[in-house]
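K.L.:
Take this structure first; my questions come after.
Number of protein chains: 2
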Amino acid sequence: MPMKPVLFNNTVLRDGHQSLAATRMTTEQMLPAAPTLDALGFGALETWGGATIDSCLRFLKENPFTRLDRLKAAAPKTPQMMLLRGQNLVQYTSFPDDVVEAFVRCTAAHGLDVFRIFDALNDARNLRTPIRAVKAAGRHAQGAICYTTSPVHTPERLAAFADELVELGVDSICIKDMAGLIPPRIAYDLVKAIKARHALPVVLHSHDTAGLAGASYYAAIEAGVDTVETSIAPFANGTGQPDTVRMLAMLAGNPRAPHFPIDPLAALRTHFEQVAKELAAFMSPVNDRVDSDALCYQVPGGMLSNFRNQLKEMKMEARFAEVMAEVPVVRAALGWIPLVTPTSQIVGTQAMLNVKFGRWANLAQNTIDVALGRYGRTPGPVDAELRALAAKKSGQEPVTVRPADLLSPRLPALKKELADKGLPVTDDLAVLFAMFPRETEALLKPAPAVAPAPAAAKPAEPVPAAAVTVPTTVR
Amino acid sequence: MPMKPVLFNNTVLRDGHQSLAATRMTTEQMLPAAPTLDALGFGALETWGGATIDSCLRFLKENPFTRLDRLKAAAPKTPQMMLLRGQNLVQYTSFPDDVVEAFVRCTAAHGLDVFRIFDALNDARNLRTPIRAVKAAGRHAQGAICYTTSPVHTPERLAAFADELVELGVDSICIKDMAGLIPPRIAYDLVKAIKARHALPVVLHSHDTAGLAGASYYAAIEAGVDTVETSIAPFANGTGQPDTVRMLAMLAGNPRAPHFPIDPLAALRTHFEQVAKELAAFMSPVNDRVDSDALCYQVPGGMLSNFRNQLKEMKMEARFAEVMAEVPVVRAALGWIPLVTPTSQIVGTQAMLNVKFGRWANLAQNTIDVALGRYGRTPGPVDAELRALAAKKSGQEPVTVRPADLLSPRLPALKKELADKGLPVTDDLAVLFAMFPRETEALLKPAPAVAPAPAAAKPAEPVPAAAVTVPTTVR
Ligand SMILES: [Co+2]
Ligand SMILES: [Co+2]
Chain W
90 MPMKPVLFNN TVLRDGHQSL AATRMTTEQM LPAAPTLDAL GFGALETWGG ATIDSCLRFL
150 KENPFTRLDR LKAAAPKTPQ MMLLRGQNLV QYTSFPDDVV EAFVRCTAAH GLDVFRIFDA
210 LNDARNLRTP IRAVKAAGRH AQGAICYTTS PVHTPERLAA FADELVELGV DSICIKDMAG
270 LIPPRIAYDL VKAIKARHAL PVVLHSHDTA GLAGASYYAA IEAGVDTVET SIAPFANGTG
330 QPDTVRMLAM LAGNPRAPHF PIDPLAALRT HFEQVAKELA AFMSPVNDRV DSDALCYQVP
390 GGMLSNFRNQ LKEMKMEARF AEVMAEVPVV RAALGWIPLV TPTSQIVGTQ AMLNVKFGRW
450 ANLAQNTIDV ALGRYGRTPG PVDAELRALA AKKSGQEPVT VRPADLLSPR LPALKKELAD
510 KGLPVTDDLA VLFAMFPRET EALLKPAPAV APAPAAAKPA EPVPAAAVTV PTTVR
Chain F
90 MPMKPVLFNN TVLRDGHQSL AATRMTTEQM LPAAPTLDAL GFGALETWGG ATIDSCLRFL
150 KENPFTRLDR LKAAAPKTPQ MMLLRGQNLV QYTSFPDDVV EAFVRCTAAH GLDVFRIFDA
210 LNDARNLRTP IRAVKAAGRH AQGAICYTTS PVHTPERLAA FADELVELGV DSICIKDMAG
270 LIPPRIAYDL VKAIKARHAL PVVLHSHDTA GLAGASYYAA IEAGVDTVET SIAPFANGTG
330 QPDTVRMLAM LAGNPRAPHF PIDPLAALRT HFEQVAKELA AFMSPVNDRV DSDALCYQVP
390 GGMLSNFRNQ LKEMKMEARF AEVMAEVPVV RAALGWIPLV TPTSQIVGTQ AMLNVKFGRW
450 ANLAQNTIDV ALGRYGRTPG PVDAELRALA AKKSGQEPVT VRPADLLSPR LPALKKELAD
510 KGLPVTDDLA VLFAMFPRET EALLKPAPAV APAPAAAKPA EPVPAAAVTV PTTVR
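Residue numbers (our numbering), protein chains in the order written: chain W, 90 to 564; chain F, 90 to 564.
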């Protein structure tokens, strides 16, 4: 049979700058590139979700739905994709089903096409509601398998998780290698195993943090993967996705090589080099560099950069190696949870606390929640002593039900709260407010000129001039 | 049949720092790592040749043969390898057969095991004398095929060049992808083609400049390549070879994965991180970064860094893109010569001259020599107009014989010259003196304390403190 060219999804507008520039790219910096990106024939453009919504509200003072509207208008042809953290939406804790459903409904109404949905624990129960909501909105639901390595993450078990996703009705499957850990042979075997079980399209998403992504994409392409994800330099390679030109060169002579004109890709690179200059304060050569140390830490690309910043803020940068060595200890105790948002932050924070105050002397609330099953079923069992300690410290019992089953509907209360504050009462705002109450309120009520310093403890972030686009109306 | 583990050669002591630190690593910086490197089971340690001899003499004030002695003493188990530019030795022009033979004899006498020999034009006539000399010394002669892309460099023609190498009596064959241009599919096909013709071991040497090396190594391993070459971070990846830990991770689950203990590799990394701090003045994040631009320029890893420095010295850094665009023009006119030392320098310099003074307005002597066949047969024909211009400007006729056939024996004259200068008359010194007369003399006669500024036009290079080891006796 004739070989089908592999599709490239492009990640420069989401994971590219999330991994290499702390998610600081503004809509204004994106828009000039959108028509070119739209015309090139990418399978999808990842433009939304992940940390971008947080960043829009917290740092860039942008309404994230307005960003989506503008990107849809500027790139109407290519499907646009977001990364959705299952029941956590784009935050770090579970939301009730009615909020999850409203979020998906609003996002679909703003034109988003493909919802890539994952759960950090690969607990399928946390994907059920968002997948149903995406299907109800007539959009494409992509279920993601979080790839990680641990004694309990065998390739067989990962492939079997695809069956659970298919049962939930997904339209395609993503192998989400958020830490850039998947070696070519495992990528090959996993793609083969999933393709043998299911006729759905399979996507491989990886990061070049440890320099494996190019070879693993290549092996996955040999195994018949439908799509791999690339970005545009300089928001590519290193802790991000391999760049598109590089992947094209890598496929020279390969019967599945796609056809892309080089000149527009060069023009995109020129544009994003300019953007990178504007975002220089958020970029670091450390993230550009391939570093096999990540193979020991098993820390996702996006996290490595944030982590270094966090440690610096806590004046703990000298203890980087120590904290990193504590990461697998915390992971093992927490049932070998994969390191992906939000669990990467949970494990990272607890590792810092363990190093700073002594192991388990100070338990973060999120650690307690994971230990008590409040995020879902962990891949392996939680350490019994840690679970007991978490129960004792919190006065709460472990749970085994789907976490969201413990949550009551919240949408009416959220709307009432908006109304009480004299803010517009819309579903859009209600779901943003559910996740980022202070930031959403601040977006709608810009601080007066002589306002006191904001409550946030950290110093003001430098915001590139072009980034400050306080919208006057919010839909 | 059971799968044979792939061998790794280690390049950190030669190509690693040549590509990432302008060849400035000193013997003192190497020695602490040598026993660990020796114990790990690498197929060979590349420790000599390439630009290291030039750098020893010019910048580090070291006797290169003394370096070899010390490295052999510190790492006696693993074969040590050098890179030899065929009839050019480790310089940029042809030397008479007697000098080539003496060089090989001396080097073998100092214990070097594997001579990797290439000719920039893949003109087998330029490999004949050095291969014969290596065999006469009872050492391993490895013939290299310079990989490049051009209308005249088809995979078939490259594979056929292996036949010529075998006829010359080589013990193994290296695919030398000095610019990091080989895509996985071509690497696979080329290895298969050579292995199908010959029973000799095949090595793939590449650079990760454009982010292809990992995947191409992987594909070559699938095709049955015997050896690939890795380095140790931070003198690895980017414009250098993939690092060893990364390649091990990449081979996880692969039946040809070799076995290496991780702890000594981590210790090596710690050591070389310290060395990198000492060499910081010669390193740049630009060289760490994977950059697919090299796919357009087709410039070798080691050259990209030198080139940026050269342009800066000439105050032409703003014209980098222009000069790079001129490179393929010069290459085409010079019969599509591959870009490898010395032809990379020749093409680069002529490209700079073309940009600075107008195309062909100013011909470098080396350009004239290539155009007139004085380096050997170019892969494609030289542009007729350029050849005529070169003949006119130089008053010389094109040649078709083996270049060294035009050269008379020089060893006796070199020795007389040494004697006349009151220097020790040895073969070692004669061959060094043939290639680097001023530097060799300076090494033997350190400048007096109140000497006038040296004749060299460029400002003194900063030499790390540990680098200054002026030997008091020279053998
Ligand atoms: Co990602
Ligand atoms: Co090389």
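All residues carry an ideal CB built from backbone N, CA and C; glycine is no exception.
List, in order along the chain, the chain F residues whose C-beta lies closer than 9 Å to that of W:S183?
P.N.:
What W:S183 touches in chain F: nothing, since even the nearest Cβ is about 34 Å away.
K.L.:
For W:D377, go through chain F and note every residue whose CB falls closer than 7 Å to its CB, in chain order.
P.N.:
P374, D377 and R378, listed in chain order.
K.L.:
Take every Cβ of the segment 128-148 of chain F, pair it with every Cβ of the segment 171-181 of chain F, and state whether three or more of those distances are shorter than 8 Å.
P.N.:
Short answer: they touch.
K.L.:
Go through the segment 281-319 of chain W residue by residue and report every complete run of the beta strand (DSSP E) that reaches 3 residues or more, in order.
P.N.:
Listed in chain order, they are 291-294 and 316-319.
K.L.:
Using a C-beta to C-beta distance shorter than 8 Å, which residues of chain W count as neighbours of F:Y307?
P.N.:
Within 8 Å Cβ-Cβ: P273, A304, Y307 and A308.
K.L.:
So is F:S381 in contact with chain W if we call contact Cβ pairs under 8 Å?
P.N.:
Yes - at least one Cβ of chain W is within 8 Å of the one on F:S381.
K.L.:
Quick one: Cα of W:D278 to Cα of W:H296, how far?
P.N.:
Roughly 19 Å between the two C-alpha positions.
K.L.:
Pull up the distance between the alpha-carbon of F:V203 and that of W:E474, whole angstroms please.
P.N.:
Taking the straight line from one Cα to the other gives about 58 Å.
K.L.:
Taking its Cβ as the centre, do 16 or more other Cβ atoms sit within 10 Å of F:V490, making it buried, or is it exposed?
P.N.:
Counting Cβ neighbours within 10 Å, F:V490 comes out exposed, since fewer than 16 surround it.
K.L.:
Output needed for W:R214: all residues of its chain with C-beta closer than 6 Å, excluding positions within five of it in sequence on either side, in chain order.
P.N.:
Hits under 6 Å: R491.
K.L.:
Check the Cβ of F:N343 against every Cβ in chain W and list those closer than 8 Å, keeping chain order.
P.N.:
Neighbours of F:N343 on chain W, chain order: P272, P273 and R274.
K.L.:
Alpha carbons only, please: which of W:R358, W:R228 and W:L210 is nearest the one belonging to W:L247?
P.N.:
Comparing Cα-Cα distances from W:L247 to each of W:R358, W:R228 and W:L210, the minimum goes to W:L210.
K.L.:
Mind checking the segment 408-435 of chain W against chain F and listing, in chain order, the residues whose C-beta falls within less than 7 Å of any C-beta there?
P.N.:
Cβ contacts with chain F come from no residue of the segment 408-435 of chain W.
K.L.:
Could you tell me the alpha carbon to alpha carbon distance between F:A421 and F:F361, rounded to whole angstroms?
P.N.:
Their Cα atoms are separated by approximately 40 Å.
K.L.:
Among W:P513, W:N99, W:R527 and W:V259, which has the Cα closest to the Cα of W:F324?
P.N.:
Closest by alpha carbon: W:N99.
K.L.:
Does the Cβ-Cβ distance between W:C235 and W:F192 come in under 8 Å?
P.N.:
For W:C235 and W:F192, no; Cβs fall outside 8 Å.
K.L.:
On the three-state DSSP scale, how would you describe W:I351?
P.N.:
W:I351: helix per DSSP, three-state reduction.
K.L.:
May I ask whether a heavy atom of ligand 2 can be found less than 7 Å away from the beta carbon of F:M267?
P.N.:
Flag set: Cβ of F:M267 near ligand 2.
K.L.:
Which residue from F:M336, F:S305, F:A309 and F:A308 puts its Cα closest to that of F:T319?
P.N.:
The option with the nearest alpha carbon to F:T319 is F:M336.
K.L.:
Where does W:D380 land, buried or exposed, given buried means 16+ other C-beta within 10 angstroms?
P.N.:
Looking at its Cβ environment, which holds 16 or more other Cβ atoms inside 10 Å, W:D380 is buried.
K.L.:
Measuring CB to CB, does W:P578 end up less than 8 Å from W:I264?
P.N.:
Only positions 90 to 564 of chain W appear in this structure, which leaves residue 578 of chain W out of reach.
K.L.:
Under 7 Å: does the beta carbon of F:D143 sit that close to some heavy atom of ligand 2?
P.N.:
Incorrect: F:D143 has no Cβ contact closer than 7 Å to ligand 2.
K.L.:
So what does DSSP say about F:K404, is it helix, strand or coil?
P.N.:
Note: F:K404 maps to coil in three-state DSSP.
K.L.:
Roughly how many angstroms separate the alpha carbons of F:T316 and W:P185, rounded to a whole number?
P.N.:
So the alpha carbons of these two residues sit roughly 56 Å apart.
K.L.:
Looking only at DSSP bridge pairs, what is W:C235 linked to?
P.N.:
Its beta-bridge partners are W:K265.
K.L.:
Between the Cα of F:M524 and the Cα atoms of F:L96, F:P124, F:S144 and F:K93, which residue gives the shortest distance?
P.N.:
Nearest C-alpha to F:M524: F:S144.
K.L.:
Is W:R147 near W:L120, with beta carbons less than 8 Å apart?
P.N.:
No.
K.L.:
How many Å lie between F:D79 and F:L503 at the Cα?
P.N.:
This structure leaves residue 79 of chain F out entirely; chain F is present only between 90 and 564.
K.L.:
Whose Cβ in chain W lies nearer than 9 Å to the Cβ of F:R335?
P.N.:
Correct list: A299, G300, L301, V379, D380, S381 and L384.
K.L.:
Between the segment 436-444 of chain F and the segment 408-421 of chain F, do three or more beta carbon pairs fall short of 8 Å?
P.N.:
Enough Cβ pairs lie closer than 8 Å, so yes.
K.L.:
Using only the alpha-carbon positions, how far apart do F:L533 and F:G484 sit?
P.N.:
So the two alpha carbons sit approximately 38 Å from each other.
K.L.:
Could you confirm whether any beta carbon from chain F is found closer than 8 Å to the beta carbon of W:M267?
P.N.:
Cβ-Cβ to chain F under 8 Å: no for W:M267.
K.L.:
Beta-carbon of W:A542 versus every beta-carbon of chain F: anything under 8 Å?
P.N.:
At W:A542 the pLDDT is 47, less than 50, meaning the model places this residue with poor confidence and gives no usable figure here.
K.L.:
Under a Cβ-count criterion, where at least 16 other Cβ atoms within 10 Å of its own Cβ denotes burial, should W:G132 be classed as buried or exposed?
P.N.:
The residue in question, W:G132, is buried, as its Cβ has 16 or more Cβ neighbours within 10 Å.
K.L.:
Helix, strand or coil: how does DSSP classify W:N30 here?
P.N.:
It is not possible to answer for residue 30 of chain W, since the shown part of chain W is limited to 90 through 564.
K.L.:
Any beta-carbon of chain W closer than 8 Å to the one on F:P94?
P.N.:
No, F:P94 does not count as interfacial toward chain W.
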